[in-house]
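**Q** Residue numbers (our numbering): 187 to 612.
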Amino acid sequence: MTLRTIQQADLDGKTILYRSPYDIEVVDENGDKKLVDDSRIVATIPTLKYLLEHNCKIVILTYVGRPNGEVVEELRTGPHAKRLSELLNKPVPKLDDCVGPQVTDHIKNMQPGELVMLENTRFHEGEVEDDDEFAMELSKNGEVVVFDAFPQAHRFHASVTGIMRHLPSYAGFSFIKEVDALSGLLENPARPFTVIIGGAKISDKVAAISNLYDIADMFIVGGGVANVFLKAAGKEIGSSFIEDVYVDAQKGEKKDWVEFAKDILSRDQSTDRDLETLYELGSQYTLHRVQYPYDLIVADSINNPQQVKEVRSHDNDDVVPDGWAALDIGGDTQQLYRSIIAKSRTVFWNGPMGMFEDERFASGSKTVGVAMADSSAQTVIAGGDTIAAAKRYSDISRFSHISLAGGAALEFLAGNQLPAVEMLQA
Numbered sequence: 187m188t189l190r191t192i193q194q195a196d197l198d199g200k201t202i203l204y205r206s207p208y209d210i211e212v213v214d215e216n217g218d219k220k221l222v223d224d225s226r227i228v229a230t231i232p233t234l235k236y237l238l239e240h241n242c243k244i245v246i247l248t249y250v251g252r253p254n255g256e257v258v259e260e261l262r263t264g265p266h267a268k269r270l271s272e273l274l275n276k277p278v279p280k281l282d283d284c285v286g287p288q289v290t291d292h293i294k295n296m297q298p299g300e301l302v303m304l305e306n307t308r309f310h311e312g313e314v315e316d317d318d319e320f321a322m323e324l325s326k327n328g329e330v331v332v333f334d335a336f337p338q339a340h341r342f343h344a345s346v347t348g349i350m351r352h353l354p355s356y357a358g359f360s361f362i363k364e365v366d367a368l369s370g371l372l373e374n375p376a377r378p379f380t381v382i383i384g385g386a387k388i389s390d391k392v393a394a395i396s397n398l399y400d401i402a403d404m405f406i407v408g409g410g411v412a413n414v415f416l417k418a419a420g421k422e423i424g425s426s427f428i429e430d431v432y433v434d435a436q437k438g439e440k441k442d443w444v445e446f447a448k449d450i451l452s453r454d455q456s457t458d459r460d461l462e463t464l465y466e467l468g469s470q471y472t473l474h475r476v477q478y479p480y481d482l483i484v485a486d487s488i489n490n491p492q493q494v495k496e497v498r499s500h501d502n503d504d505v506v507p508d509g510w511a512a513l514d515i516g517g518d519t520q521q522l523y524r525s526i527i528a529k530s531r532t533v534f535w536n537g538p539m540g541m542f543e544d545e546r547f548a549s550g551s552k553t554v555g556v557a558m559a560d561s562s563a564q565t566v567i568a569g570g571d572t573i574a575a576a577k578r579y580s581d582i583s584r585f586s587h588i589s590l591a592g593g594a595a596l597e598f599l600a601g602n603q604l605p606a607v608e609m610l611q612a
């Protein structure tokens, strides 16, 4: 995939509408508003420094949260401007709106090499509607769009697709890095290629699983996703979390995630991949395209677990006792997953293996994170919870790529054309 990049653009002295990925949660620490995580800001520093080297005026756009077209004090962009200023060691003033005379006048009076942070674009209803009039109001304050907001690349918003309809647009370095890393998983991954899927919900991962099934050599699953596959395999899983059947009344569609998993497992039987040869694990394990847990760590409650024990699932259909719930993968499964990762040459991970916020149920995620960090394979992780687990238990700098996008990354891996990616193609 070929994108129009900032290195191809005439940027010298231009006023840049910089679409940043700064949709970052803010917390109040004793009256001081701080970002929960600054990774998305750190990721944009190379692009911003490049623009500063070209004497650009930089006008920063972002949305934060879901204010539904109203001003919400907790969702202002002041903390984002403050953190960016600290990282660049340059002033980054924050304006009280993203359109209007005050904004226009401020930008006109800026000097080359100066930056300004505009207010949350979602404070205006026209943002989420991709209203063209609102998009034009945003666009008139710049000459060129530089787009670095891959986490929002799947949105039809005025500050995403709208501004690119009105101004010449180029991808920033963070955006390019995301597209290159995820494209590599789809186009020519080094083999064996292992996909690790966890997290509580399967619904937002179904399309990616379906598309990656014909590309990846093996899926290993944990978390609530594993519960769905265990149920599909005929295992009794007690009170373990499984996402509800979804009924779309408008479309007249019913989506049963267990039935989806059954279909995937039935495809597993017709595989033409020689997994034993690919992964070279010997006769110790019988490998499957979709590898669900051999054993589980279960507890007597999801919300307030008191009793914890390990149960086997490999040779037992009544896996989880009534009233109990699976909250992590067990020790044998951890050893198997560690061995699979060690033999892989490409690994993608999305979703924790268990309820890692509680240390009693964190060992599965820790095992996966450490195994990936220790691997010489191409390793890619995506999603906020996945990154949080990896940061907690491993050296995240040793991963090949950390995708700061959750939904957009999964849509890309589902084979969908993301609106922003399409508009930035050369």
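Where is the CB? At the ideal position from N, CA and C, for every residue including glycine.
Taking only the alpha-carbon atoms, compute the straight-line gap between Ser499 and Ser369 and give it to the nearest angstrom.
**A** On the sequence shown, position 313 is the one that residue 499 refers to. On the sequence shown, position 183 is the one that residue 369 refers to. C-alpha separation (whole angstroms): 35 Å.
**Q** Give me the Cα-Cα distance between Gly509 and Met539, rounded to the nearest whole angstrom.
**A** What you label residue 509 is simply residue 323 of the sequence shown in a count that begins at 1. What you label residue 539 is simply residue 353 of the sequence shown in a count that begins at 1. If you take the alpha carbons of Gly509 and Met539, they lie about 21 Å apart.
**Q** Report the rounded CA-to-CA distance for Gln288 versus Leu281, giving the unit in angstroms.
**A** In the sequence shown, the residue the question calls residue 288 occupies position 102. In the sequence shown, the residue the question calls residue 281 occupies position 95. Computed Cα separation, rounded: 8 Å.
**Q** In the DSSP assignment, find the beta strand (DSSP E) that holds Phe405 and state where it starts and stops.
**A** To locate residue 405, count along the sequence shown from 1; it is residue 219. Here the beta strand (DSSP E) through Phe405 covers Met404 to Val407.
**Q** Specify the secondary structure class of Trp535 as computed by DSSP and reduced to three states.
**A** As a working note, residue 535 is residue 349 in the sequence shown. Looking at Trp535 - three-state DSSP - the assignment turns out to be strand.
**Q** On the premise that Tyr204 lies in contact with Asp334, defined as a C-beta separation below 8 Å, what is that separation, rounded to the nearest angstrom?
**A** Residue mapping note: residue 334 aligns to position 148 of the sequence shown, counting from 1. Residue mapping note: residue 204 aligns to position 18 of the sequence shown, counting from 1. So it is a contact: roughly 7 Å between Cβ atoms.
**Q** Does the distance from the C-beta atom of Glu364 to that of Ser586 stay below 8 Å?
**A** On the sequence shown, position 178 is the one that residue 364 refers to. On the sequence shown, position 400 is the one that residue 586 refers to. No, they are not a contact pair.
**Q** Give a yes or no on whether 8 Å exceeds the smallest Cβ distance from Asp442 to chain D.
**A** Although the question refers to chain D, the structure presented lacks it and comprises just one protein chain.
**Q** What's the call for Ser583, buried or exposed, on a 16-neighbour Cβ count within 10 Å?
**A** Mapped onto the sequence shown, residue 583 falls at position 397. By the neighbour-count rule (16 or more Cβ atoms within 10 Å), Ser583 is not buried but exposed.
**Q** As an exercise, report each continuous beta strand (DSSP E) stretch of at least 3 residues that is fully enclosed by the region 327–364, in chain order.
**A** With a minimum length of 3 residues, the continuous beta strand (DSSP E) runs that stay inside the region 327–364 are 330–333 and 355–357.
**Q** Can Pro279 and Val302 be called in contact, C-beta distance under 8 Å?
**A** Counting from one through the sequence shown, the residue named residue 279 turns up at place 93. Counting from one through the sequence shown, the residue named residue 302 turns up at place 116. In contact: Pro279 and Val302 (Cβ atoms closer than 8 Å).
**Q** Can you tell which of Gly217, Glu215, Leu234 and Tyr208 has its C-alpha closest to the C-alpha of Gln173?
**A** With the chain represented from 187 up to 612, any question about residue 173 goes unanswered, as that position is not in the structure.
**Q** Could you pull out every unbroken beta strand (DSSP E) segment of at least 3 residues lying fully inside the region 368–428, listed in chain order?
**A** Counting only runs of 3 or more, we get 379–383 and 404–407.
**Q** Helix, strand or coil for Glu597? Go by DSSP, reduced to three states.
**A** Translated into positions along the sequence shown, residue 597 becomes position 411. Here Glu597 sits in helix by DSSP.
**Q** Where does Met303 sit, in a helix, a strand or coil, going by DSSP?
**A** Looking up residue 303 in the sequence shown gives position 117. Correct three-state label for Met303: strand.
**Q** For a quick check, are the C-beta atoms of Glu256 and Phe309 less than 8 Å apart?
**A** Here residue 256 refers to the residue found at position 70 when the sequence shown is read from its first residue. Here residue 309 refers to the residue found at position 123 when the sequence shown is read from its first residue. Against a cut-off of 8 Å, the Cβ pair of Phe309 and Glu256 comes out as a contact.
**Q** What span of residues does the alpha helix (DSSP H) with Lys268 cover, start to end?
**A** In the sequence shown, the residue the question calls residue 268 occupies position 82. Start and end: Gly264 to Leu274.
**Q** Do Glu496 and Ile488 come within 8 Å of each other at the CB atom, strictly closer than that value?
**A** As a position in the sequence shown, residue 488 is number 302, starting the count at 1. As a position in the sequence shown, residue 496 is number 310, starting the count at 1. Contact: no.
**Q** CA-CA distance, Arg190 and Pro479?
**A** As a working note, residue 190 is residue 4 in the sequence shown. As a working note, residue 479 is residue 293 in the sequence shown. C-alpha separation (whole angstroms): 44 Å.
**Q** Confirm, please, whether the CB-CB distance from Leu604 to Ala339 is below 8 Å.
**A** The count along the sequence shown starts at 1 and reaches residue 339 at position 153. The count along the sequence shown starts at 1 and reaches residue 604 at position 418. Cβ distance < 8 Å, so Ala339 and Leu604 count as in contact.
**Q** From what residue to what residue does the beta strand (DSSP E) around Glu439 run?
**A** Within the sequence shown, numbered from 1, the residue matching residue 439 stands at position 253. Where Glu439 is concerned, the enclosing beta strand (DSSP E) stretches over Glu439 to Lys441.
**Q** Give me the DSSP bridge partner(s) of Leu482.
**A** Working through the sequence shown from its first residue, we reach residue 482 at position 296. For Leu482, which the question treats as bridged, DSSP gives the partners Val497 and Ile515.
**Q** Would the region 345–358 and the region 567–581 be scored as touching if the rule is three or more Cβ pairs under 8 Å?
**A** The region 345–358 is not in contact with the region 567–581.
**Q** Determine the burial state of Asn490: buried for a count of at least 16 other Cβ atoms within 10 Å of its Cβ, exposed for fewer.
**A** Along the sequence shown, read from residue 1 onward, the residue named residue 490 stands at position 304. So Asn490 ends up on the exposed side.
**Q** Quick one: residues in its chain with C-beta nearer than 7 Å to the C-beta of Phe547, no 5 flanking neighbours on either side, listed in chain order?
**A** Along the sequence shown, read from residue 1 onward, the residue named residue 547 stands at position 361. These residues qualify, in order along the chain: Ile483, Leu513, Asp514, Gly540 and Met541.
**Q** In terms of DSSP beta bridges, what is Glu215 paired with?
**A** On the sequence shown, position 29 is the one that residue 215 refers to. Partner(s): Asp218.
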